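A.B. asks: Protein chains in written order, with the working numbering: chain X, 540 to 803; chain L, 540 to 803; chain D, 540 to 803. From the three backbone atoms N, C-alpha and C, an ideal C-beta is built for every residue, glycine too. Model, not experiment: these values are computed from the prediction.
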Amino acid sequence: MHAPPGHLANDLATITADVLARVRVRAPRVHCITNAVAQAFTANVLLAVGAIPSMTIAADEVAAFTAGANALLVNLGTFDAERREAVEIAIEVATEEGLPWVLDPVFVNRSEPRAAYARTLAARKPGAIRLNRAEFKAVAGFEPEAEPDGAALSAYALDCLSVIGLTGPVDVVTDGARTITIENGDPLMASVTAMGCAGSGLLAACLAVENDSFLATAAALLALGVAGEVASMTAHGPGSFAAGILDALHGLKRDVLIQRARVV
Amino acid sequence: MHAPPGHLANDLATITADVLARVRVRAPRVHCITNAVAQAFTANVLLAVGAIPSMTIAADEVAAFTAGANALLVNLGTFDAERREAVEIAIEVATEEGLPWVLDPVFVNRSEPRAAYARTLAARKPGAIRLNRAEFKAVAGFEPEAEPDGAALSAYALDCLSVIGLTGPVDVVTDGARTITIENGDPLMASVTAMGCAGSGLLAACLAVENDSFLATAAALLALGVAGEVASMTAHGPGSFAAGILDALHGLKRDVLIQRARVV
Amino acid sequence: MHAPPGHLANDLATITADVLARVRVRAPRVHCITNAVAQAFTANVLLAVGAIPSMTIAADEVAAFTAGANALLVNLGTFDAERREAVEIAIEVATEEGLPWVLDPVFVNRSEPRAAYARTLAARKPGAIRLNRAEFKAVAGFEPEAEPDGAALSAYALDCLSVIGLTGPVDVVTDGARTITIENGDPLMASVTAMGCAGSGLLAACLAVENDSFLATAAALLALGVAGEVASMTAHGPGSFAAGILDALHGLKRDVLIQRARVV
Numbered sequence: 540m541h542a543p544p545g546h547l548a549n550d551l552a553t554i555t556a557d558v559l560a561r562v563r564v565r566a567p568r569v570h571c572i573t574n575a576v577a578q579a580f581t582a583n584v585l586l587a588v589g590a591i592p593s594m595t596i597a598a599d600e601v602a603a604f605t606a607g608a609n610a611l612l613v614n615l616g617t618f619d620a621e622r623r624e625a626v627e628i629a630i631e632v633a634t635e636e637g638l639p640w641v642l643d644p645v646f647v648n649r650s651e652p653r654a655a656y657a658r659t660l661a662a663r664k665p666g667a668i669r670l671n672r673a674e675f676k677a678v679a680g681f682e683p684e685a686e687p688d689g690a691a692l693s694a695y696a697l698d699c700l701s702v703i704g705l706t707g708p709v710d711v712v713t714d715g716a717r718t719i720t721i722e723n724g725d726p727l728m729a730s731v732t733a734m735g736c737a738g739s740g741l742l743a744a745c746l747a748v749e750n751d752s753f754l755a756t757a758a759a760l761l762a763l764g765v766a767g768e769v770a771s772m773t774a775h776g777p778g779s780f781a782a783g784i785l786d787a788l789h790g791l792k793r794d795v796l797i798q799r800a801r802v803v
Numbered sequence: 540m541h542a543p544p545g546h547l548a549n550d551l552a553t554i555t556a557d558v559l560a561r562v563r564v565r566a567p568r569v570h571c572i573t574n575a576v577a578q579a580f581t582a583n584v585l586l587a588v589g590a591i592p593s594m595t596i597a598a599d600e601v602a603a604f605t606a607g608a609n610a611l612l613v614n615l616g617t618f619d620a621e622r623r624e625a626v627e628i629a630i631e632v633a634t635e636e637g638l639p640w641v642l643d644p645v646f647v648n649r650s651e652p653r654a655a656y657a658r659t660l661a662a663r664k665p666g667a668i669r670l671n672r673a674e675f676k677a678v679a680g681f682e683p684e685a686e687p688d689g690a691a692l693s694a695y696a697l698d699c700l701s702v703i704g705l706t707g708p709v710d711v712v713t714d715g716a717r718t719i720t721i722e723n724g725d726p727l728m729a730s731v732t733a734m735g736c737a738g739s740g741l742l743a744a745c746l747a748v749e750n751d752s753f754l755a756t757a758a759a760l761l762a763l764g765v766a767g768e769v770a771s772m773t774a775h776g777p778g779s780f781a782a783g784i785l786d787a788l789h790g791l792k793r794d795v796l797i798q799r800a801r802v803v
Numbered sequence: 540m541h542a543p544p545g546h547l548a549n550d551l552a553t554i555t556a557d558v559l560a561r562v563r564v565r566a567p568r569v570h571c572i573t574n575a576v577a578q579a580f581t582a583n584v585l586l587a588v589g590a591i592p593s594m595t596i597a598a599d600e601v602a603a604f605t606a607g608a609n610a611l612l613v614n615l616g617t618f619d620a621e622r623r624e625a626v627e628i629a630i631e632v633a634t635e636e637g638l639p640w641v642l643d644p645v646f647v648n649r650s651e652p653r654a655a656y657a658r659t660l661a662a663r664k665p666g667a668i669r670l671n672r673a674e675f676k677a678v679a680g681f682e683p684e685a686e687p688d689g690a691a692l693s694a695y696a697l698d699c700l701s702v703i704g705l706t707g708p709v710d711v712v713t714d715g716a717r718t719i720t721i722e723n724g725d726p727l728m729a730s731v732t733a734m735g736c737a738g739s740g741l742l743a744a745c746l747a748v749e750n751d752s753f754l755a756t757a758a759a760l761l762a763l764g765v766a767g768e769v770a771s772m773t774a775h776g777p778g779s780f781a782a783g784i785l786d787a788l789h790g791l792k793r794d795v796l797i798q799r800a801r802v803v
């Protein structure tokens, strides 16, 4: 089932630089239905790479915003009634318009109604699903104490017809056929709220300019991981790190990606 | 129709320093009905200059908060049902109390229901309307491809009996009779979410201490533009720039305003 | 009624270092029902000290999140209908589960309905109530021009069976029997939005690992005050200060607490 990644791993830094360059030139519009905690940082990550975020969740506007966007982010954190209605409308529009969308099932491990809803969304063919290990287990139906391996992840990706971006100390990206592992990043990324959510926003921007969802997902996670490493070099803690990762994403250079990428 | 701006342009830096000094001394309360993305940054901009922000949108509280405030901000980003109700109540209270208020019709170019609603608000005599060029065209009824000139802007201001603060690489402020152009600012301002929204908050604070809405609007935009230039001198990208512009607004000195102002 | 604080004041720095060390090791989950303005900064303060924030206010999820948490924060800023419903559910669950919770009656001095609601919550035995002087007067039923003294504060704490953490240029902590005064902090803390709200979040994290609510409250306020002093040493204004206080909380050392604590 797994095609040998081979040159893909070697080339990911270059591919990522190309994807980011396209984001900067094309300035894709990314409509984000995301939690209130994450909205500002997600918008700032998107602006830092040159994309144009919008965030409305009002039922009578979300269709127009989604139809006018180049990609959609559906994040389930702070999941209230109004956001749920907005999600329904936005995914319908995205599906009609052939717009790629990202599912970020935040904290589904903490709320069974949320996990159940996330499963229905995962069945609606998101271009990519970005989540951490605990969230993956909840959405894919594993017990909390289970330790699903790479094969389980690939099987789930095939099942959803989606790309899975599993983030953590090491990130794994798979579409079921191809799997790569990204070892970049910094521990401070876990000490800034909405870092994962904002990564999903970046992923949506990459999907807007790269048709191969697997490459778009891998590019987004590599860019964020390398930016985190760059930011950590001057950060004194999570506050300066949060500002620093925006600075790093804004100025992320091809040679820094190539030099730092640790992809297997 | 246009009075020659003459000494006004020359004096704007001094006027701005005076307005900011009054904000610092009087600590005006600014009630902000604004989008969730912009709330924290807007509050921080207001606190940085010495104003006191409040942000509730609950229907049974917004009247008391508005009545107790010295100015009101109505921002249409993330425009949901609850905010719409809050806007109605707040504008009614502001009108009764003679409180100045600012309209910020965020992204009206992306949603026709929002543009239609913004038009009804613009007719209710806001002290000032701050918006970018695309938003101006949507709210004033121009086609997206139209290129309205200064005369169109002045005509619209006269029509609304309001001051228009059109922001972009160059800012234009007009009340129909007087028009000035502010060339200050930095490109990084466009890479920080809610910069425009926060500018509208700053404008509301200036309206609270300066009865001439034209001067208040010009002062707010000059202060923000100069603070952006100061921040860009030490920023490494949009993250450190966002923190830096708050630092710069907090400590903005009269001589820096005079030295840097580029007003025509 | 007042036990002489004596060695308590001397030992608070050490106690605070111990409490923070427990937070870092145990990583308590803190569910926060808080205003939209404060959510991101509160989450970042909690992450900075090693706690795990969650923020949902959706009625069908808040019970699960609260039941799975180690402490609860109830903040009344941006007080809308959905948050009110969430508060009811969350406090009920917290009471059933014996979970400590913090009441932060933001801006009750600006809205009588909010003050009335805060009084009903204060009667439901929060572990601690953190508020400023104007908010204390509104919630405890003093006139705005009254100047309640320490005895009034102690009486109110006894009345609520709660610890009161009164913050301002000088912080006062009392449970009615014990009272201490913390003189740490920096004026820039008042120029960053949600600093008080985030302090209440930190207090909830401390309650999760310290059964003596009086000590937990004093520890949280001392930690925040000292972190503010550390941040002010390198800050250039409120923007860099906000990042700096997160950095300082993340790396707050025992000897810095001991060296800087000014507790009476």
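Buried or exposed, going by whether 16 or more other CB atoms sit within 10 Å of the CB of threonine 605 (chain X)?
C.D. replies: Buried is the call here.
A.B. asks: Is the stretch 769-783 of chain D touching the stretch 550-569 of chain D in the sense that three or more CB pairs, one from each, lie closer than 8 Å?
C.D. replies: No contact exists between the stretch 550-569 of chain D and the stretch 769-783 of chain D.
A.B. asks: Cβ atoms of leucine 785 (chain L) and asparagine 583 (chain L): under 8 Å apart, would you say?
C.D. replies: Closer than 8 Å, so yes.
A.B. asks: Give me the subset of the stretch 581-612 of chain X whose CB atoms are less than 7 Å from a CB atom of chain D, sorted by chain position.
C.D. replies: Listed by position, the residues of the stretch 581-612 of chain X near chain D (Cβ gap below 7 Å) amount to none.
A.B. asks: For histidine 789 (chain L), which residues in the same chain have their Cβ closer than 6 Å to its Cβ, ignoring the five residues on either side in sequence?
C.D. replies: Around histidine 789 (chain L): Ala587.
A.B. asks: Name the DSSP beta bridge partners of valine 802 (chain L), please?
C.D. replies: DSSP output for valine 802 (chain L) lists L:Ile721 as bridge partner(s).
A.B. asks: Any idea what DSSP makes of histidine 546 (chain D), helix, strand or coil?
C.D. replies: It is helical.
A.B. asks: I want to know whether the stretch 639-659 of chain L touches the stretch 685-693 of chain L - three or more CB-CB distances under 8 Å.
C.D. replies: No contact exists between the stretch 639-659 of chain L and the stretch 685-693 of chain L.
A.B. asks: Taking Cβ-Cβ distances shorter than 8 Å, what residues in chain D pair up with alanine 575 (chain L)?
C.D. replies: Near alanine 575 (chain L) (Cβ distances below 8 Å), the residues of chain D are Ala575.
A.B. asks: In this structure, does DSSP put asparagine 583 (chain L) in helix, strand or coil?
C.D. replies: Here asparagine 583 (chain L) sits in helix by DSSP.
A.B. asks: Considering just the uninterrupted stretch of the beta strand (DSSP E) at histidine 570 (chain D), what are its terminal residues?
C.D. replies: Note, histidine 570 (chain D): beta strand (DSSP E), 568-572.
A.B. asks: To the nearest angstrom, how far is it from the Cα of histidine 541 (chain D) to the Cα of isoleucine 703 (chain D)?
C.D. replies: Low confidence applies here, because histidine 541 (chain D) scores a pLDDT of 41, under 50, leaving its location unreliable; read the following figure in that light. So the two alpha carbons sit approximately 14 Å from each other.
A.B. asks: CA-CA distance, isoleucine 572 (chain D) and aspartate 751 (chain L)?
C.D. replies: Roughly 41 Å separates the two Cα atoms.
A.B. asks: Any Cβ of chain D within less than 8 Å of the Cβ of isoleucine 784 (chain L)?
C.D. replies: Chain D contact via Cβ: present.
A.B. asks: Determine the DSSP secondary structure at leucine 611 (chain L), reduced to helix, strand or coil.
C.D. replies: Leucine 611 (chain L) falls in the strand class under three-state DSSP.
A.B. asks: Return the bridge partner residues of arginine 561 (chain D) from the DSSP annotation.
C.D. replies: Answer by DSSP bridge pairing: none, since arginine 561 (chain D) is not bridged.
A.B. asks: Tell me, please, whether the CB atom of glycine 776 (chain L) is closer than 8 Å to any CB atom in chain X?
C.D. replies: So yes, glycine 776 (chain L) belongs to the interface.
A.B. asks: At the level of alpha carbons, what is the spacing between valine 802 (chain D) and alanine 608 (chain L)?
C.D. replies: About 36 Å.
A.B. asks: For the stretch 617-637 of chain X, enumerate the residues whose C-beta is nearer than 9 Å to any C-beta of chain D, in chain order.
C.D. replies: The stretch 617-637 of chain X vs chain D, Cβ under 9 Å: Thr617, Phe618, Asp619, Ala620, Glu621, Arg622 and Arg623.
A.B. asks: Please report the straight-line C-alpha distance between alanine 744 (chain X) and alanine 667 (chain X), rounded to a whole angstrom.
C.D. replies: Roughly 12 Å between the two C-alpha positions.
A.B. asks: Of all the CB atoms in chain X, is at least one closer than 8 Å to the CB of arginine 563 (chain L)?
C.D. replies: Not closer than 8 Å to any Cβ of chain X, the Cβ of arginine 563 (chain L) fails to qualify, so no.
A.B. asks: Would a check of beta-carbon distances place alanine 651 (chain D) closer than 8 Å to chain L?
C.D. replies: In the sequence under discussion, the amino acid at residue 651 (chain D) is glutamate, which differs from the alanine named in the question. Closer than 8 Å to some Cβ of chain L, the Cβ of glutamate 651 (chain D) qualifies, so yes.
A.B. asks: Tell me which residue opens and which closes the alpha helix (DSSP H) that leucine 761 (chain L) is part of.
C.D. replies: Start and end: 752-771.
A.B. asks: Listed in chain order, which residues of the stretch 678-710 of chain X have Cβ atoms closer than 9 Å to some Cβ of chain D?
C.D. replies: Listed by position, the residues of the stretch 678-710 of chain X near chain D (Cβ gap below 9 Å) amount to none.
A.B. asks: Could you have a look at valine 712 (chain D) and say whether DSSP puts it in helix, strand or coil?
C.D. replies: In the structure shown, valine 712 (chain D) sits in a strand (DSSP, three-state: E or B).
A.B. asks: Start and end of the beta strand (DSSP E) containing threonine 706 (chain X)?
C.D. replies: Here the beta strand (DSSP E) through threonine 706 (chain X) covers 702-706.
A.B. asks: Can a CB atom of chain L be found closer than 8 Å to the CB of glycine 740 (chain X)?
C.D. replies: So, not an interface residue.
A.B. asks: Which word fits glycine 823 (chain X), buried or exposed, when buried means at least 16 other C-beta atoms lie within 10 angstroms of its C-beta?
C.D. replies: Summary: the structure shown does not reach residue 823 (chain X), with chain X confined to residues 540 through 803, and so no result is reported for it.
A.B. asks: Within the continuous alpha helix (DSSP H) that includes arginine 623 (chain L), where are the two ends?
C.D. replies: Counting along the chain, the alpha helix (DSSP H) containing arginine 623 (chain L) begins and ends at 620-636.
A.B. asks: Does DSSP classify arginine 663 (chain X) as helix, strand or coil?
C.D. replies: Arginine 663 (chain X) falls in the coil class under three-state DSSP.
A.B. asks: Relative to the C-alpha of valine 804 (chain X), which candidate in X:Ile596, X:Ala673 and X:Leu705 has its C-alpha closest?
C.D. replies: Outside the displayed range of chain X (540 to 803) lies residue 804 (chain X), so it cannot be described from this structure.
A.B. asks: Report the rounded CA-to-CA distance for proline 726 (chain D) versus aspartate 794 (chain D), giving the unit in angstroms.
C.D. replies: Their Cα atoms are separated by approximately 23 Å.
A.B. asks: Spatial neighbours of threonine 739 (chain L) within its chain, please: CB distance less than 7 Å, with the 5 preceding and 5 following residues excluded, ordered by chain position.
C.D. replies: Reading off the sequence shown, one finds serine at residue 739 (chain L), where the question assumed threonine. Taken in chain order, the residues that qualify are Leu612, Asn614, Val641, Asp643 and Arg669.
A.B. asks: Could you tell me whether the Cβ of histidine 541 (chain D) comes closer than 8 Å to any Cβ of chain L?
C.D. replies: With a pLDDT of only 41 at histidine 541 (chain D), under the threshold of 50, the placement of this residue in the model should not be trusted, and no figure is reported.
A.B. asks: Please list, in chain order, the chain X residues whose beta carbon lies closer than 9 Å to that of serine 779 (chain L).
C.D. replies: In chain order: Ser779, Ala782, Gly783, Leu785 and Asp786.
A.B. asks: Is the distance from the Cβ of isoleucine 721 (chain L) to the Cβ of valine 709 (chain L) below 8 Å?
C.D. replies: It is a contact, given that the beta carbons lie within the stated cut-off.
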